[in-house]
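**Student:**
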Amino acid sequence: MRQNLLPKSFFNRPTLQVAEELLGKFLVREINGHKIEGMITEVEAYLGFDDKASHAARGRTPRAEVMFGSAGVWYIYLIYGMYCCLNIVTEREGFPAAILIRSAGGVKGPGKICKYFHIDRALNKKFATTDSKLWIEDCGVQPQHIKKGKRIGVDYAGKCKDKLWRFEIP
DNA sequence: ACGATGATGAAC
DNA sequence: TTCATCATCGTA
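What follows is the structure, encoded as structure tokens:
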């Protein structure tokens, strides 16, 4: 039943490559024995010290610190006072990077995903494994077409604002 | 087009 | 301790 759980080594690689390969994978949430699953169809990459759109651009602050840590860990934060955003940390320790999951299982928008999958900040800094009851599986889906585009809502991000770091399955 | 709504980080 | 800022959403 359970296909390949994506291991830490999957995420401990160049962020843009991981972001692209994340499309077609399945986000799985387990809530008291019940499973919620959805195919990931849209992601955005936030990487490096110079990416002003990334929380890590301001350095190793308490909130962004998790982005500097181990790959394969969830980074979940509250935005606009009412919504949570789900990210997965990538790359080696010391290099800040994460991927925002924008759409999964037909649910579009980071805030809505967290509501649908019952995700909140209690999962922040947890590894994406069955233990944390939130993980990602490879079910063998190979996306036909991957669309690349500019990230949403990052006009303030200076030289990184026009990077094509948004990937989606149309 | 905009208001709801609160944590975050930086300045003072 | 105060202040501007914000990887959004729902209603209009």
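Using the working numbering, you'd call the opening residue of the first sequence number 60 and step up by one each time. From the three backbone atoms N, C-alpha and C, an ideal C-beta is built for every residue, glycine too.
1. Considering LEU145, what are the terminal residues of the beta strand (DSSP E) in which it resides?
2. Would you call the region 85-97 in contact with the region 186-206, where contact means no fewer than 3 C-beta pairs closer than 8 Å?
3. Which same chain residues end up closer than 7 Å to LEU81 when comparing Cβ atoms and leaving out the 5 residues on each side of it in sequence?
4. Figure out for me which residue from ILE211, ILE160 and VAL166 has the closest Cα to the Cα of GLU79.
5. Please determine, among GLY131, ASN71, THR120 and GLU96, the residue with the shortest C-alpha to C-alpha distance to LYS185.
6. Per DSSP, what kind of secondary structure is ARG210 in: helix, strand or coil?
7. For ILE158, report the span of its beta strand (DSSP E) as first-last.
8. Measure the alpha-carbon distance for MET60 versus LYS111 and round it to whole angstroms.
9. My output table needs one value for ILE178: the three-state DSSP class, helix, strand or coil.
10. Going by DSSP, name the residue or residues bridged to TYR105.
11. Of all the options ALA163, ARG122, ALA104 and LYS167, which has the alpha carbon lying nearest to the alpha carbon of THR74?
12. DSSP on LEU137, reduced to helix/strand/coil?
13. For LYS206, count neighbouring Cβ atoms within 10 angstroms of its own Cβ and tell me buried if that reaches 16, exposed if not.
14. Measuring only the C-alpha atoms, how far is PHE176 from ILE95?
15. Which of helix, strand or coil does DSSP assign to ILE232?
16. Could you compute how far the alpha carbon of GLY164 sits from the alpha carbon of LYS84?
17. Quick one: give me the first and last residue of the alpha helix (DSSP H) that LEU86 is part of.
18. Between the Cα of VAL125 and those of MET141, PHE154, TYR139 and ASP109, spot the shortest distance and give me the residue it belongs to.
**Tutor:** Taking the definition as stated:
1. First-last of the beta strand (DSSP E) with LEU145: 142-148.
2. yes
3. ILE99, VAL102 and ILE158
4. ILE160
5. In terms of CA proximity to LYS185, GLY131 leads the group GLY131, ASN71, THR120 and GLU96.
6. coil
7. Run containing ILE158: 156-163, per the beta strand (DSSP E) assignment.
8. With a pLDDT of only 49 at MET60, under 50, the local geometry of the prediction cannot be trusted, and the value read off the model is given with reservation. Rounded to the nearest angstrom, the two C-alpha atoms are 41 Å apart.
9. coil
10. Answer is ALA157, bridged to TYR105.
11. ALA104
12. strand
13. The residue is exposed, with fewer than 16 neighbouring Cβ atoms inside 10 Å.
14. 7 Å
15. Because the chain in this structure spans residues 60 to 229, residue 232 falls outside the shown range and cannot be described.
16. 10 Å
17. It is not in any alpha helix (DSSP H) - LEU86 instead sits in the beta strand (DSSP E) that spans 85-90.
18. When MET141, PHE154, TYR139 and ASP109 are compared, the shortest CA-CA separation from VAL125 is found for PHE154.
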